[in-house]
Every structure is written in structure tokens, then in C-alpha cells.
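Structure, as C-alpha cells:
In this note's numbering, the protein residues as written are 122 to 268.
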């Protein structure tokens, strides 16, 4: 083998090792990634209880019940409603009819146990995934209110 062929063989071998390392890392982390789902996707995909996910939608009008730091509310994408339970202080901007993204897991009882709640932070912001889910269900309006 010439010097050029040896160099190409070494570079090719290093590239293969690097590709294998990246593949192994991504495979190991696949269960650690938190995905976004709409309530409809959670229902249709039958997300397993205990799986850490993000859910986004609108807080249904008249659904928020607060007892101290315990909060129960319904998140909807206009098609499906999912009861959500959160134990903690909600953001100041949290209110009914507004966009919300909650992180947590489904329970065996079919409710969503939230560990983190992110509320819409101004009148123009709504997470891209929430907007797309609402548009897909025909519920999106520019001001973010359900239509």
C-alpha cells in the first residue's frame, strides 16, 4: 500500500468508528428525550404510563381547580381533552383559554401528572408545536384562542 492509500484507510476507519460512536450514543439516549404530543396524539398513540413527555394545548375554560398548591385543569387541542394534575405553584401568566406546555407523564388512571408547567409569556407567543397541533385540528386563531 502506498502512503496515500494508508492515509485514506486510516481516515475511513476513523470515520466508521465515529459513526458507530454517534449511533450508540443516540441509541442510548432515545428514551431520555422528551417529546411533544398534543392530547389527541397521546390518546391515539397510547403513550405508556410513566413515559416522560411534553404535552401542549390550551387550558380549557372553566376547568381549572386550585386547592392550595394542588392544581387540576384540562388541556385540549380542540379535539381531545386530557385532565392534568400539577402539584406546585403555577406561572403568573397561567390562565384558562391560554396556551400551555406541560412536562410530565401519563398515569395508569389516564390522567397527566405534570412536573413542570410552562405558560404563554406574551400575547404573541405560543410554542410552534402547539400552533401546529391546533392548526391541524382547525382550532387555531391568530390570538391563540380556540376557534
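Glycine included, C-beta positions come from ideal geometry on N, C-alpha and C.
Comparing C-alpha positions only, which one of 148, 167 and 185 sits nearest to residue 219? Of 148, 167 and 185, the residue nearest in Cα terms is 185.
Hey, would you say residue 223 sits closer than 8 Å to residue 197, going by beta carbons? At the C-beta level, residue 223 and residue 197 stay beyond 8 Å of one another.
How would you call residue 192, buried or exposed, if buried means at least 16 neighbouring beta carbons within 10 angstroms? Under this definition residue 192 is a buried residue.
Is the stretch 165-175 touching the stretch 123-139, taking contact as three or more C-beta pairs under 8 Å? For the pair of segments examined, the stretch 165-175 was found not to touch the stretch 123-139: the number of CB pairs separated by less than 8 Å stays below three.
Look up residue 176 in the DSSP assignment and give the residues it is bridged to. In DSSP, residue 176 forms a bridge with 158 and 223.
Judging by CA-CA distance, which residue of 164, 207 and 232 is the nearest neighbour of residue 201? Closest option to residue 201, Cα to Cα, is 164.
Based on the DSSP secondary-structure assignment, which residues constitute the bridge partners of residue 237? Residue pairing by DSSP puts residue 237 in a beta bridge opposite 224.
Does residue 124 come out as helix, strand or coil in the three-state DSSP assignment? In this structure, residue 124 counts as helix in the three-state DSSP scheme.
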